[in-house]
Every structure is written in structure tokens, then in C-alpha cells.
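If you use the working numbering, the sequence shown corresponds to residues 12 to 424, in order. Beta carbons: idealized from backbone N, C-alpha and C, even for Gly. Okay, structure first, notes after.
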Amino acid sequence: MSLPSTTTAPSWTEVAGAFPALRQTVNGHPLVYLDSAATSLKPTVVIDAVSEYYRDYPSNVHRSVHTLAGRATEAYEAARARVAGFIGTRAENLVFTHGTTESVNLVANGWARRHLQPGDEILLTPAEHHSNLVPWQQAARATGARLVYAELSPEGHLSMAALRAAFTPRTRLVTVAHVSNVLGTENPIRQVVELAHRHDAVVVVDGAQSVPHLPVSVTELGVDFFAFSGHKMCGPTGIGALYGRPDRLRETDPLLFGGEMIAEVDRERATWADVPYRFEGGTPNVAGAIGLAAAVQFLESVGMQRIAVHSRELAVEAAERLAPLPGAAVYGSLANRQAVVAFNLAGVHPHDVAQVLDSLGIAVRAGHHCAQPLMATLAIQSSARASFYLYNTREDVDRLVDGLREVGRYFGR
Ligand code: 7TS
Numbered sequence: 012m013s014l015p016s017t018t019t020a021p022s023w024t025e026v027a028g029a030f031p032a033l034r035q036t037v038n039g040h041p042l043v044y045l046d047s048a049a050t051s052l053k054p055t056v057v058i059d060a061v062s063e064y065y066r067d068y069p070s071n072v073h074r075s076v077h078t079l080a081g082r083a084t085e086a087y088e089a090a091r092a093r094v095a096g097f098i099g100t101r102a103e104n105l106v107f108t109h110g111t112t113e114s115v116n117l118v119a120n121g122w123a124r125r126h127l128q129p130g131d132e133i134l135l136t137p138a139e140h141h142s143n144l145v146p147w148q149q150a151a152r153a154t155g156a157r158l159v160y161a162e163l164s165p166e167g168h169l170s171m172a173a174l175r176a177a178f179t180p181r182t183r184l185v186t187v188a189h190v191s192n193v194l195g196t197e198n199p200i201r202q203v204v205e206l207a208h209r210h211d212a213v214v215v216v217d218g219a220q221s222v223p224h225l226p227v228s229v230t231e232l233g234v235d236f237f238a239f240s241g242h243k244m245c246g247p248t249g250i251g252a253l254y255g256r257p258d259r260l261r262e263t264d265p266l267l268f269g270g271e272m273i274a275e276v277d278r279e280r281a282t283w284a285d286v287p288y289r290f291e292g293g294t295p296n297v298a299g300a301i302g303l304a305a306a307v308q309f310l311e312s313v314g315m316q317r318i319a320v321h322s323r324e325l326a327v328e329a330a331e332r333l334a335p336l337p338g339a340a341v342y343g344s345l346a347n348r349q350a351v352v353a354f355n356l357a358g359v360h361p362h363d364v365a366q367v368l369d370s371l372g373i374a375v376r377a378g379h380h381c382a383q384p385l386m387a388t389l390a391i392q393s394s395a396r397a398s399f400y401l402y403n404t405r406e407d408v409d410r411l412v413d414g415l416r417e418v419g420r421y422f423g424r
């Protein structure tokens, strides 16, 4: 179903009805999808926008003059403008990438390797997703820079005091997740930026878990770079973006060299196209960009403020109801919690938790969540994780809690 084109926001029942994947049973039960932090479901409007491109105007962009190519180019650039507007910036500051991982790699390779010197420091936290950690390890190795960690507070929050204490005259770059994919904590990015800029350090924010859930303005946050993924915000896989402040993008080297990203090429050398095109070497993911723009339009029609409140309420309710279950440990505190609840049941491996829940039609993730340093900090190997989004309901929380009671019975707890 596409959403009604009224000016009033759709009800949550109408929203859930827009996601065809929810119209199925899994292992004999209606699907409860609680793995949106890994990837979200896709609404019909997104699937249709992608199909329409492939069906009606499947052309390359920025080259041929024929009508279909013109339409594809127009749609691709309109998508850039819409996605940029969604995060509070202009099209020329938005680079399409294949997702957060590529966006961070672009900054780590193109900016950090060019600007960091031996002994410079990259400041980050132990809660980073591997995609916002390993690229910095590599950049540090290549430049002789060092990684410095600001330890988390006892509740698992980014501690501004610890961050402040970790700054030295050599701190050149600070990188943190906007929202942790394990703890669900929203970090105070504005304060981080204020502190970092006072020390002339560049701020790179991993927005993979924030852009899907919160109204975000990169301009208001004042960040230098901001990375996010389309597939976690109702868009297709294989598309995402990097925002860069115009001056920062101009001092960043491209990651991919070849077609599309050049101005002129002779036998010996080449010059680069303008920002942001110089960062999009090769044929881009045209369908992905068009699908992501449809996702943004969909999210805007529901309202980001409403989505933020909705998924936070469900996560907080889940956390509050899980905590008293026998042997339950819920990670992270309720304060600042966004849509994610990571937990363990004593004596039950999280994979077993996920398996039993799956047998009841409930999809959760189990594992280290690509955050092994955080697992080590929490002194656990892995956890189960339920993550909520705009199509989830109170009944889904009931089903999760009932499912976990069943897990407890199954394992004799
Ligand atoms: N950063 C954070 C905070 C993430 O949660 C993820 C993906 C990434 C970066 C990487 O995004 P990608 O689109 O480039 O893969 N997180 C998860 C997760 O929590 N479960 O599966 C993927």
C-alpha cells in the first residue's frame, strides 16, 4: 500500500501496512521483526521506485543525452538533493557511497591519510562499530598516528569528562557514533563538536543508527563529516552517504579513481571533477539513490519526530519489561536510549535465545554486533538484541516478553 496523500500523518497501523514483508508468517507465527538495527524492512513505495527505474528508465547517469538517460540523471540528482535536505544540508555536500562503512573509509583514506602526521591522535570510544574503528586503525598504521580511547561512563555512556580528559595537543580527529548499535545511547554530538573544534580537531560522526530514527541536521550539529546507510532507514541495500563540510570535502582525496570522477585525463595524469562527483568513481548505484529518496519521502510523510518518540517508547518499554525477567541483564541505561535493547539471559547463549524466538516468529539479532571492543568492555562475549522501528507495535513488545518467558521455560529457568 502507498500511504494516503493527505496532509495528516498516517496512523501506526497504516504505517505497518506499508511494509509487505510484515504480511507473512514465520514458523507458523505472524512475523515480529525486531532486527531493524541490522537492516530495516522496505515499504512498497521504495520497492516501487526501484522497480520503476529498472523497468522504465534503466539508464546510466551524467553521460548520454537521450531521454531515458536524462530522466535517470535527473532522478539521481533529485535524490541527492532530497537526501541532503533530510539531514539539513545541500546537495553539493552529499556524496553517495555504498553505506556507512564506505563513507568512513573515504574519510579515513582520503582525509586522515593526507592530513595526519606521526604522533597525531585519533580520539574515539570503545563503543564504536567495527566500521567506525577498523578504518581508523588502518589510517593510524599508515600515518604513524595513534588511537586514543575515551572510556565510557559506568552506565555505558560517552562521558564528556572522559572525552575532555583524553584531549591532548596532538588530538587531530574525534570520531563517535551518534547512536550506539548495542547500548542504544544517543551521544551529545553538539558538545563533542564544541569541545573538538576548540582543540582544532575534526569531528567524524557515524550516523548509521541515528538518521533512521531522529531528526538530524548536520549543519546544526556542526560536524565535519557524517556517515550513514540507506538500508537501515527503509531504503535499499548498497546505498548510503557521506556528508562533508565543503572545505573538508575539498581537502579530501578520492577513494576510487576512474570514470565519472575526472575533469580531464591525458596519458600521464588526470584532474578531478568537482565535489561531490570526484568521490563517485564508476557507475553509481542509481536505483539505490532513487530508492533512498523514496524512503526519505516516506519517513518525512510519517514525521521524524513521531518516529523518534515511537521507537524510543517501544525500546524503553521493552528494556523495562525485560530487566525483571529471571537472569536478565539489559545493557545500557534508560536515559538517552534510542531504539535498541541488547540483553542476555544468564546461562542461555544469545544464539539459543534468538533461535527459540525465531521458532516463535520473532526476529532478533544475536552476536557481538560488530562491536567486539565494547563486548570486551562489558565483559561479555555476545548478546541478544531487539531493535525497534516505525512498523513495530506494543504487541511486538508483548510477543518478545512472552517469547523470552518461553526461552526461560525451555532452558529450565
Ligand atoms: N555503524 C553503526 C553504528 C552500525 O550500527 C552499523 C551497522 C555500521 C556502522 C555499518 O553500516 P553498514 O551499512 O556500512 O554495514 N550495524 C549493524 C548492526 O548493528 N547489525 O548489523 C549491522
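If distances are taken between C-alpha atoms only, which option among L368, R348, L310 and A306 comes closest to A326? Taking each of L368, R348, L310 and A306 in turn and checking the Cα distance to A326, the smallest one comes out for R348.
- Message: Taking the alpha carbon of A151 as the reference point, which residue from G167, A123, L174 and P165 has its own alpha carbon closest?
- Response: Closest by alpha carbon: A123.
* Beta carbon of L194, beta carbon of L385: below 9 Å? -> Less than 9 Å separates the beta-carbon of L194 from that of L385.
### Own chain residues within Cβ distance below 6 Å of G233, not counting five before or after
Leaving aside the five residues that flank G233 on each side, the residues in its chain whose CB is nearer than 6 Å to its CB run, in chain order, V204.
Practice prompt. Return helix, strand or coil for P41, following the three-state DSSP convention.
Written response: It is a strand residue.
**Request:** Counting only the same chain and skipping the five closest in sequence on each side, list residues whose C-beta sits under 6 Å from that of A382.
**Result:** The residues are H140 and V193.
Q | Residue environment, H362, which counts as buried when at least 16 other CB atoms sit within 10 Å | A | Exposed is the label assigned to H362, since fewer than 16 other Cβ atoms lie within 10 Å of its Cβ.
Cross-strand partners of S398 (DSSP beta bridge)
Beta bridge pairing from DSSP links S398 with D46 and V351.
field: Endpoints, the alpha helix (DSSP H) within which F236 is located
entry: Counted as a single uninterrupted DSSP element, the stretch harbouring F236 is not any alpha helix (DSSP H) but the beta strand (DSSP E) occupying residues F236 to S240.
Check your understanding: Taking three-plus beta-carbon pairs below 8 Å as touching, is the segment 283-294 in contact with the segment 77-87?
Key -> The way I'd put it, the segment 283-294 doesn't touch the segment 77-87; fewer than three beta-carbon pairs between them come closer than 8 Å.
Is T186 near the ligand 7TS, judged by its Cβ being under 8 Å from some heavy atom? No, Cβ of T186 sits at least 8 Å from all heavy atoms of the ligand 7TS.
Could you pull out every unbroken beta strand (DSSP E) segment of at least 3 residues lying fully inside the segment 246-289, listed in chain order?
Listed in chain order, they are 251-255, 273-276 and 281-283.
Exercise for review: For A330, collect the residues of the same chain with a Cβ closer than 7 Å to its Cβ; drop the 5 residues on either side in sequence, then sort them by chain order.
Suggested key: Only V341, L345, R348 and V352 meet the Cβ criterion.
field: Cα-Cα separation, L169 to D407
entry: Their Cα atoms are separated by approximately 30 Å.
Short of 8 Å in beta carbon distance, which residues of its chain neighbour Q148, apart from the five on each side in sequence? Order them along the chain. Here the set comprises L158.
task = Pull up the distance between the alpha-carbon of A357 and that of T111, whole angstroms please.
result = If you draw a straight line from the Cα of A357 to the Cα of T111, it comes to about 33 Å.
Q. Where H40 and L336 are concerned, what is the direct C-alpha to C-alpha distance, given to the nearest angstrom?
A. In a straight line, the C-alpha of H40 is about 23 Å away from that of L336.
Inset, instruction - For R376, verify whether its CB is less than 8 Å away from any heavy atom of the ligand FAD. - result: In the structure on display, the ligand FAD does not appear, and the ligands it does have are the ligand 7TS.
Cβ-based burial, G218 [other Cβ within 10 Å; buried from 16]: That one is buried.
- Task: Per DSSP, which residues does F422 bridge with? Please list them.
- Result: Note: F422 sits in no beta bridge, so no partner.
- Item | Unbroken stretches of the beta strand (DSSP E), 3 residues or longer, contained in the segment 323-378 | DSSP assignment within the segment 323-378 yields the following whole beta strand (DSSP E) runs of 3 residues or more, N-terminal first: 339-341, 351-356 and 376-378.
Report task. Could you please give me the residues that DSSP links to E132 through a beta bridge? Result -> DSSP lists R157 and T182 as the bridge partner or partners of E132.
Exercise for review: Check whether the segment 289-296 touches the segment 32-47, counting contact only when three or more Cβ pairs, one atom from each stretch, lie closer than 8 Å.
Suggested key: As far as the Cβ criterion goes, the segment 289-296 does not touch the segment 32-47, which means the pair count is below three.
> What residues in its chain sit with their C-beta under 8 Å from that of R376, if we drop five residues either side in the sequence?
Replying inline: Residues D46, A48, A49, A365, A395, R396 and S398 of the same chain have their beta carbon placed closer than 8 Å to that of R376, with the five preceding and five following residues left out of the count.
The alpha helix (DSSP H) with V204 in it runs from where to where? I200 to R209 is the span of the alpha helix (DSSP H), which, as asked, contains V204.
Close Cβ partners of A212 (< 8 Å) along its chain, the five nearest in sequence each way excluded:
The answer, listed in chain order, is L134, F178, T182, R183, L184 and V185.
Check your understanding: Hey, is V159 close to the ligand 7TS, as in C-beta under 8 Å from one of its heavy atoms?
Key -> Answer for V159: no, Cβ out of range of the ligand 7TS.
Local conformation of A319 per DSSP, three classes
In the displayed model, A319 falls within a helix according to three-state DSSP.
| task | Taking 8 Å as the threshold, find out whether the segment 114-123 comes into contact with the segment 92-100 through three or more Cβ pairs. | result | Not touching, per the Cβ criterion.
Report task. Could you pull out every residue in the same chain whose Cβ sits closer than 7 Å to the Cβ of M12, ignoring the five residues on either side in sequence? Result -> Residue placement at M12 is poorly supported in this model, since its pLDDT is 44, which falls under 50; the coordinates are not used for a value here.
Presumed contact (8 Å Cβ cut-off) between G249 and G299, rounded CB distance: The beta-carbon separation of G249 and G299, rounded to 5 Å, stays under the 8 Å limit for a contact.
| query | Exposed or buried, what is F354 when buried is set at 16 or more other beta-carbons lying within 10 Å of its beta-carbon? | reply | A residue is called buried once 16 or more other Cβ atoms fall within 10 Å of its Cβ, and F354 is buried on that count.
Applying the criterion that 16 or more other CB atoms from any shown protein chain within 10 Å of the CB defines a buried residue, is A172 buried or exposed? Around the beta carbon of A172, fewer than 16 other beta carbons sit within 10 angstroms, so the residue counts as exposed.
Quiz item: Can you name the start and end residues of the beta strand (DSSP E) that T108 belongs to?
Solution: That run of the beta strand (DSSP E) goes L105 to T108.
Requested in this report: Using only the heavy atoms of the ligand 7TS, determine whether one of them is closer than 8 Å to the beta carbon of A49.
Outcome: At least one heavy atom of the ligand 7TS is nearer than 8 Å to the Cβ of A49, so yes.
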